[in-house]
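**Q**
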Amino acid sequence: MTQLIPPLAAKALSDCAAPPPARVVLRERGQREVFCGLTSIMWLHRKMQDAFFLIVGSRTCAHLMQSAAGVMIFAEPRFATAIIEERDLAGMADINEELNKTVSRLLERRPEIKLLFLVGSCPSEVIKLDLGRAAERLSMTYSPRVRILNYSGSGIETTFTQGEDACLTAMVPELPATDEAGLVVVGALADVVEDQFERIFEALGIGPVHFLPSRKAGTAVPVGPNTKFLLAQPWLRDTARTLEARGATHLPALFPLGAEGTTSWLKAAADAFGVSAERFHAVTEMPRARATRALARYNDTLAGKSLFCFPDSQLEIPLARFLSRELGMTLEEVGTPYLHSVHMADELALLPADVRISEGQDVDLQLDRCRDARPDITLCGLGLANPLEQEGLTTKWSIELVFTPIQGYEQCGDLAELFARPLNRRTRLAV
Amino acid sequence: MQLTVWTYEGPPHVGAMRIATAMEGLHYVLHAPQGDTYADLLFTMIERRAKRPPVTYTTFEARDLGSDTAEIFKSAARGAYERFQPQAMIVGASCTAELIQDDPGGLTKALDLPIPVIALELPSYSKKENWGASETFYRLVRGLATEQPKRAPSRLTRPICNVLGPTALGFRHRDDVREITGLLFQLGIDVNVVAPLGATPHDLTRLPAADFNVSLYPEIADVAVRFLEKEFGQPFTKTIPIGVGATNDFIAEVCGLAGVEVPDLSAFASNMPWWSRSVDSNYLTGKRVFIFGDGTHALAAARVAADELAFTVVGLGCYNREFARPVREAATELGLEALITEDYLEVEAAIARLQPELILGTQMERHIAKRLGIPCAVISAPVHVQDFPARYAPQMGFEGANVLFDTWVHPLIMGLEEHLLGMFREDFEFNDSAGASHLGGHGAAEKVSEAVAASAQAGEGAIAVLHWAPEAENELKKIPFFVRGKAKRNTEAFARDKHLETITLETLYDAKASYGR
Numbered sequence: 001m002t003q004l005i006p007p008l009a010a011k012a013l014s015d016c017a018a019p020p021p022a023r024v025v026l027r028e029r030g031q032r033e034v035f036c037g038l039t040s041i042m043w044l045h046r047k048m049q050d051a052f053f054l055i056v057g058s059r060t061c062a063h064l065m066q067s068a069a070g071v072m073i074f075a076e077p078r079f080a081t082a083i084i085e086e087r088d089l090a091g092m093a094d095i096n097e098e099l100n101k102t103v104s105r106l107l108e109r110r111p112e113i114k115l116l117f118l119v120g121s122c123p124s125e126v127i128k129l130d131l132g133r134a135a136e137r138l139s140m141t142y143s144p145r146v147r148i149l150n151y152s153g154s155g156i157e158t159t160f161t162q163g164e165d166a167c168l169t170a171m172v173p174e175l176p177a178t179d180e181a182g183l184v185v186v187g188a189l190a191d192v193v194e195d196q197f198e199r200i201f202e203a204l205g206i207g208p209v210h211f212l213p214s215r216k217a218g219t220a221v222p223v224g225p226n227t228k229f230l231l232a233q234p235w236l237r238d239t240a241r242t243l244e245a246r247g248a249t250h251l252p253a254l255f256p257l258g259a260e261g262t263t264s265w266l267k268a269a270a271d272a273f274g275v276s277a278e279r280f281h282a283v284t285e286m287p288r289a290r291a292t293r294a295l296a297r298y299n300d301t302l303a304g305k306s307l308f309c310f311p312d313s314q315l316e317i318p319l320a321r322f323l324s325r326e327l328g329m330t331l332e333e334v335g336t337p338y339l340h341s342v343h344m345a346d347e348l349a350l351l352p353a354d355v356r357i358s359e360g361q362d363v364d365l366q367l368d369r370c371r372d373a374r375p376d377i378t379l380c381g382l383g384l385a386n387p388l389e390q391e392g393l394t395t396k397w398s399i400e401l402v403f404t405p406i407q408g409y410e411q412c413g414d415l416a417e418l419f420a421r422p423l424n425r426r427t428r429l430a431v
Numbered sequence: 001m002q003l004t005v006w007t008y009e010g011p012p013h014v015g016a017m018r019i020a021t022a023m024e025g026l027h028y029v030l031h032a033p034q035g036d037t038y039a040d041l042l043f044t045m046i047e048r049r050a051k052r053p054p055v056t057y058t059t060f061e062a063r064d065l066g067s068d069t070a071e072i073f074k075s076a077a078r079g080a081y082e083r084f085q086p087q088a089m090i091v092g093a094s095c096t097a098e099l100i101q102d103d104p105g106g107l108t109k110a111l112d113l114p115i116p117v118i119a120l121e122l123p124s125y126s127k128k129e130n131w132g133a134s135e136t137f138y139r140l141v142r143g144l145a146t147e148q149p150k151r152a153p154s155r156l157t158r159p160i161c162n163v164l165g166p167t168a169l170g171f172r173h174r175d176d177v178r179e180i181t182g183l184l185f186q187l188g189i190d191v192n193v194v195a196p197l198g199a200t201p202h203d204l205t206r207l208p209a210a211d212f213n214v215s216l217y218p219e220i221a222d223v224a225v226r227f228l229e230k231e232f233g234q235p236f237t238k239t240i241p242i243g244v245g246a247t248n249d250f251i252a253e254v255c256g257l258a259g260v261e262v263p264d265l266s267a268f269a270s271n272m273p274w275w276s277r278s279v280d281s282n283y284l285t286g287k288r289v290f291i292f293g294d295g296t297h298a299l300a301a302a303r304v305a306a307d308e309l310a311f312t313v314v315g316l317g318c319y320n321r322e323f324a325r326p327v328r329e330a331a332t333e334l335g336l337e338a339l340i341t342e343d344y345l346e347v348e349a350a351i352a353r354l355q356p357e358l359i360l361g362t363q364m365e366r367h368i369a370k371r372l373g374i375p376c377a378v379i380s381a382p383v384h385v386q387d388f389p390a391r392y393a394p395q396m397g398f399e400g401a402n403v404l405f406d407t408w409v410h411p412l413i414m415g416l417e418e419h420l421l422g423m424f425r426e427d428f429e430f431n432d433s434a435g436a437s438h439l440g441g442h443g444a445a446e447k448v449s450e451a452v453a454a455s456a457q458a459g460e461g462a463i464a465v466l467h468w469a470p471e472a473e474n475e476l477k478k479i480p481f482f483v484r485g486k487a488k489r490n491t492e493a494f495a496r497d498k499h500l501e502t503i504t505l506e507t508l509y510d511a512k513a514s515y516g517r
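Note that the protein sequences, when read in sequence, are chains W and Y.
Using this note's numbering, read the first sequence as starting at 1 and increasing by one per residue.
Using this note's numbering, read the second sequence as starting at 1 and increasing by one per residue.
Shown next as structure tokens:
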């Protein structure tokens, strides 16, 4: 613990500098067992406390929202669906007029809403309902009390977490301009994780730091040519591009999963803000040591165990990097719904050269490969988990990874626990 | 356009999935975009099925629109046939695919597959889940059932019937089928086919061999049994055997259809009549109950609540308009106006207004009940994972009646406890804010009773605020929480009626005398 940079992080940093090895990616097209982008409203509506998400879609969209994450157990949600009906499609009702009425009813019932998203769906996209214009029109009526933005979470354009990307992309043009230097952390994080990072940045002397999305729509996140940003989540391709268009600079780093990822991620900010190596070490040494201690507990359970990842959230590649490098797991296949070669370059460089990376999905073919590989643990969606368990495979539901605080040093142990628990359970059960 | 937070029913293609998933040897090719696969987890997670639903989704994307979505469908259908080798296939579109009008039926026909293929037209923008399930089952029966040589009636053979309606994701369908097929066996009647649950397409071809049909869930089976009656002259049952009385009526009905004597079933009788007559149940008398669910289960629950538990039904309704008529009639007989709506906010407002002591409803009413702090039991779909119990827990037949007694009475505070709480309201260890002693959630009650009052007021709109004198307010707090909301509401209504601005101790007791319990 006396080195300035721990061996893993040093290796990561030097690897980052090397050109990534040529890697063959298996690209598949077929049935996808994944959620559409609407599903990211599950966490966005809790994260942004004065925002409301109005999906303009079908009964299927509404049914998805209440079924997907068992959200019916929650308190009154800050989302709803405006269900398009036959008379809207047949032109018997002016669909824009209907939308005006729906929004007016909603805002009457929920006067505390400051930011309303009109969220496009597959049906609204197919009938070419222009929600951008609807948002502009409605903004004129409700401004300044309520801001109204729009984005599409449709399944024909977005997979699961890409819904958050589309949502944040819609927010970027609204952010106030600044010439001041500052750091923006992009991507929804659990409040507890956000608070931890905030304390670390403060100790490093980095500021001002803003988080996008912020908990309150009223909290301004200023952006300009002297803004630097870190991606806290791997699914923010368009948000990053839009921030860059406003002059902000992306700080490439590993994603903050595991001690190595968190160190790389913090170090990227520290370097950009001229923090000395000594100070960085002093601030991160304790939490990094705690993370190492927490991970050591899981070594016996996870080291040498094989992992197969079905595509779900785009967290799969950083997770595989963490599980293979910090917990000694072996990788059979790492599937991702979408592979962003630039944002993932550093991550991919740290994966063993012989790991099969797959992008997209043909679920039946992928299931065949998984059955052949018989991995010790399979990361997959809720539709596949029980059927695979029945076939004797141990699974971890991928959706838990987006609903659990897993980023940062203090959550390393929790993240390892998510993978260790199903294995532990299988060992204990004698029925 | 309809503003919705929670829905009682999914889209019609989810109804079709409930049929396909219930059956063996049937495959469903669904033209649908990425994301519609969410429906798989209804079956694998909520119902804990250990197999993937037999559904292939075409998964088209925005860039495919207008070019080759039809080709994507054809290759998915061909691939599904080759991989799964089903006895028959159903094909159709989800809401988005309906808009692009690719004609899954015609496309599959062009593939010339060597198995029966049934095309489904399920209009997503006007119909819902139950309709989709019913239509799918009807199309399958119509497409597959073929004329069979009838057996000559004989003294040596037992009458046979089909049991129709149970699906995947149905509320207690698995256990109802076991209970009812067991009961039929005791009556001397054999079962030819149970469908769709557990049936193959080949089994459906044998449906006409039965003497009559048992329609267990009219929401699913009604259209099919009417078709079978018309086409093959098979009569069907109209009684839904939920509760002791209805089970006895059902026995009489099936024995009539089968032409057999009603046997002595005393060895199988339900415990429920005695449990209900035993003095311990006295305190259940007149408990005010609100009932909401699908039409069939709501109707059955109303009969059981009124006749077999001596509850007072204060609200009755259903979310499926197709079954609104009998629910309206039953409500009228009870002196009520039926609540027919698919808007759960309307249901919540009705419950808050009526202040029932027990809610019998769906998963949605369970949430309303939790918010308002009112005991609740689930009687109808839609339901959640906890309503698929590991144990045998039918709703139908004699064992079903036992289950109803237990699950409806359990959420209530026990009789003696209710009395003691009424008498010794201020015991620091034993008071009503601790909640029922046999249930969890101690300490939550005080807060929720306030929510009850608040929602009740919100439900009434703008009415002049009444002033409670401090001593009256203190006295109100001595009333146990499970009736306090109602007492407060009654007292305020009384005060308004008498044009009183301030509620005093006198007003409180005047109101009590005028309203009774």
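Yeah, the Cβ is synthetic: ideal placement off N, Cα and C, and Gly gets one too.
Cα separation between Ala-9/W and Thr-161/W?
**A** The predicted position of Ala-9/W is uncertain, since its pLDDT is 42 and thus under 50; a value taken from the coordinates is nonetheless stated next. So the alpha carbons of these two residues sit roughly 28 Å apart.
**Q** Pull up the DSSP beta-bridge partners for Leu-181/Y, would you.
**A** In the sequence under discussion, the amino acid at residue 181/Y is Thr, which differs from the Leu named in the question. In DSSP, Thr-181/Y forms no bridge with anything.
**Q** Since Ala-259/W and Ala-296/W are thought to touch, with beta carbons under 8 Å apart, how far apart are those beta carbons, to the nearest angstrom?
**A** 11 Å between Cβ atoms; not a contact.
**Q** Can you say whether Met-89/Y is buried or exposed, counting buried as having 16 or more other CB atoms within 10 angstroms of its CB?
**A** Met-89/Y is buried by the Cβ-count criterion.
**Q** Taking Cβ to Cβ, would you say Val-14/Y is nearer than 8 Å to Glu-129/Y?
**A** Closer than 8 Å, so yes.
**Q** Identify the residues that DSSP records as bridge partners of Tyr-28/Y: which are they?
**A** Per DSSP, Val-55/Y, Ile-90/Y.
**Q** Only counting the same chain, and skipping five residues up and downstream in sequence, which positions put a Cβ closer than 7 Å to that of Phe-197/W?
**A** Cβ neighbours of Phe-197/W beyond the five flanking positions: Val-185, Gly-408.
**Q** Ends of the alpha helix (DSSP H) at Val-254/Y?
**A** Segment 244 to 258, the alpha helix (DSSP H) holding Val-254/Y.
**Q** Take Arg-428/W as the anchor and find which of Leu-327/W, Leu-348/W, Ala-320/W, Thr-301/W has the nearest alpha-carbon.
**A** Nearest option by C-alpha distance: Thr-301/W.
**Q** Taking the beta strand (DSSP E) that Ala-268/W belongs to, which residues open and close that run?
**A** Taken as a continuous stretch (DSSP letters only), Ala-268/W belongs to no beta strand (DSSP E), being part of the alpha helix (DSSP H) at 258 to 272.
**Q** So, under 8 Å CB-CB, Leu-317/W and Glu-347/W are touching, yes? Tell me the CB distance rounded to an integer number of Å.
**A** What sits at residue 317/W in the sequence shown is Ile, not Leu. With 8 Å as the limit, Ile-317/W and Glu-347/W qualify as a contact, their Cβ atoms being about 5 Å apart.
**Q** Short of 7 Å in beta carbon distance, which residues of its chain neighbour Ala-224/Y, apart from the five on each side in sequence? Order them along the chain.
**A** Here the set comprises Phe-137, Tyr-138, Val-141, Leu-164.
**Q** Can you give me the C-alpha to C-alpha distance between Phe-171/Y and Phe-323/Y, rounded to a whole angstrom?
**A** Roughly 17 Å separates the two Cα atoms.
**Q** Checking contacts by CB at 8 Å: is Asn-386/W closer than that to chain Y?
**A** Chain Y, which has a Cβ nearer than 8 Å to the Cβ of Asn-386/W, makes this yes.
**Q** Give me the chain Y residues within the contact set of Phe-35/W, using Cβ-Cβ distance strictly less than 9 Å, ordered along the chain.
**A** Ordered by position in chain Y, the residues that pass the 9 Å Cβ test against Phe-35/W are Gln-34, Gly-35, Thr-37, Tyr-38.
**Q** Check the DSSP bridge columns for Ile-189/Y and list the partner residues they point to.
**A** Answer by DSSP bridge pairing: none, since Ile-189/Y is not bridged.
**Q** How would you label Arg-78/W, buried or exposed, when you count the other beta carbons within 10 angstroms and need 16 or more for buried?
**A** Flag for Arg-78/W reads buried.
**Q** Thr-159/W touches chain Y at which residues, Cβ-Cβ below 7 Å?
**A** Under the 7 Å cutoff, chain Y gives Gln-34.
**Q** Taking the straight line between their C-alpha atoms, what separation do you get for Leu-350/W and Leu-116/W?
**A** One C-alpha to the other measures close to 41 Å.
**Q** Start and end of the beta strand (DSSP E) containing His-210/W?
**A** From DSSP, the beta strand (DSSP E) with His-210/W extends over 209 to 212.
**Q** Listing by chain order, which chain W residues have their CB less than 8 Å from the CB of Ala-62/Y?
**A** Under the 8 Å cutoff, chain W gives Glu-125, Ser-154, Ile-156, Glu-157.
**Q** From the DSSP output, in three-state form, read off Ser-154/W for me.
**A** In this structure, Ser-154/W counts as coil in the three-state DSSP scheme.
**Q** By the three-class DSSP mapping on this structure, what secondary structure does Phe-419/W have?
**A** Correct three-state label for Phe-419/W: helix.
**Q** I need the straight-line Cα distance from Phe-52/W to Met-42/W, nearest angstrom please.
**A** Roughly 12 Å separates the two Cα atoms.
**Q** Between the alpha carbons of Tyr-38/Y and Glu-82/Y, how many angstroms are there, rounded?
**A** One C-alpha to the other measures close to 24 Å.
**Q** Taking 8 Å as the CB-CB cut-off, is Arg-59/W touching chain Y?
**A** So, interface residue.
**Q** For Ala-269/Y, which residues from the same chain have a beta carbon less than 7 Å from its beta carbon, with the 5 sequence-adjacent residues on both sides left out?
**A** Answer for Ala-269/Y: Phe-398, listed in chain order.
**Q** In whole angstroms, give me the CA-to-CA distance for Phe-444/W and Gly-188/Y.
**A** The structure shown does not extend to residue 444/W, since chain W is modelled only from 1 to 431, so the question has no answer here.
**Q** Since Pro-11/Y meets chain W, which of its residues come closer than 8 Å, beta carbon to beta carbon?
**A** In chain order: Ser-58, Arg-59, Thr-60, His-63.
**Q** Select from Pro-235/Y, Glu-135/Y, Ala-258/Y, Arg-206/Y the residue whose C-alpha is nearest the C-alpha of Asp-190/Y.
**A** Out of Pro-235/Y, Glu-135/Y, Ala-258/Y, Arg-206/Y, Ala-258/Y has the C-alpha closest to the C-alpha of Asp-190/Y.
**Q** Within a Cβ cutoff of 6 Å, which residues of the same chain sit near Ala-119/Y, ignoring the five residues on either side of it in sequence?
**A** Closer than 6 Å at the Cβ level, and outside the excluded window around Ala-119/Y, lie Val-91, Gly-105.
**Q** Taking its Cβ as the centre, do 16 or more other Cβ atoms sit within 10 Å of Asn-474/Y, making it buried, or is it exposed?
**A** Per the 10 Å Cβ criterion, exposed.
**Q** Mind checking who Gln-581/Y pairs with in its DSSP beta bridge?
**A** Since the first residue shown for chain Y is 1 and the last is 517, residue 581/Y is missing from the structure and cannot be characterised.
**Q** Which chain W residues sit within Cβ distance under 8 Å of Ala-50/Y?
**A** Asn-386, Pro-387, Glu-389, Gln-390, listed in chain order.
**Q** Would you mind reading off the limits of the beta strand (DSSP E) that contains Arg-27/W?
**A** Note, Arg-27/W: beta strand (DSSP E), 25 to 29.
**Q** Determine contact between the stretch 52 to 67 of chain Y and the stretch 27 to 34 of chain W, defined as no fewer than three beta-carbon pairs at a distance below 8 Å.
**A** Touching, yes.
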